[in-house]
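Residue numbers (my numbering): 103 to 192. Idealized CB from N, CA, C, for every residue including glycine. Here is the structure we will look at.
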Amino acid sequence: MHDPLRTRDAKIVPIGNSKGVRIPKTLLQKYGLKNSLLIEETDNGLLLRNKEESKLSWEDTFKAMADEKEQWDDFDTTLLDGIEDENFEY
Numbered sequence: 103m104h105d106p107l108r109t110r111d112a113k114i115v116p117i118g119n120s121k122g123v124r125i126p127k128t129l130l131q132k133y134g135l136k137n138s139l140l141i142e143e144t145d146n147g148l149l150l151r152n153k154e155e156s157k158l159s160w161e162d163t164f165k166a167m168a169d170e171k172e173q174w175d176d177f178d179t180t181l182l183d184g185i186e187d188e189n190f191e192y
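Right, here's the structure in full:
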């Protein structure tokens with residue numbers, strides 16, 4: 103059974119040689135849907151998702167890495183990787 107708060111009726115309308123679905127403005131705003139979206143095929147039907155534009159930059163990557171807590175739990179395993187050989191010269 104459908105949840106009445108999360109289910110909406112919509113009609114398929116002609117758009118040129120294709121078909122489309124009109125999405126209410128309130129839903130577009132609520133879910134941040136702008137110019138393009140992803141359509142995912144599922145066993146139950148179609149799922150519309152916001153298409154996030156990836157604007158990867160060094161500055162954003164650096165900030166994200168700086169905010170992450172570093173994990174040193176497995177640091178001791180790297181000590182046994184063969185680099186610390188008695189015959190190794192620096």
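Across the structure, residue 111 and residue 130 are spaced so that their CA atoms are roughly 15 angstroms apart. Between the beta-carbon of residue 139 and that of residue 153 there is about 5 angstroms, and that keeps the pair under the 8 angstroms contact cut. Each residue's CA atom was taken as its position, placing residue 166 and residue 173 some 15 angstroms apart. Residue pairing by DSSP puts residue 117 in a beta bridge opposite 120. Between residue 168 and residue 120, the alpha-carbon positions lie close to 47 angstroms from each other.
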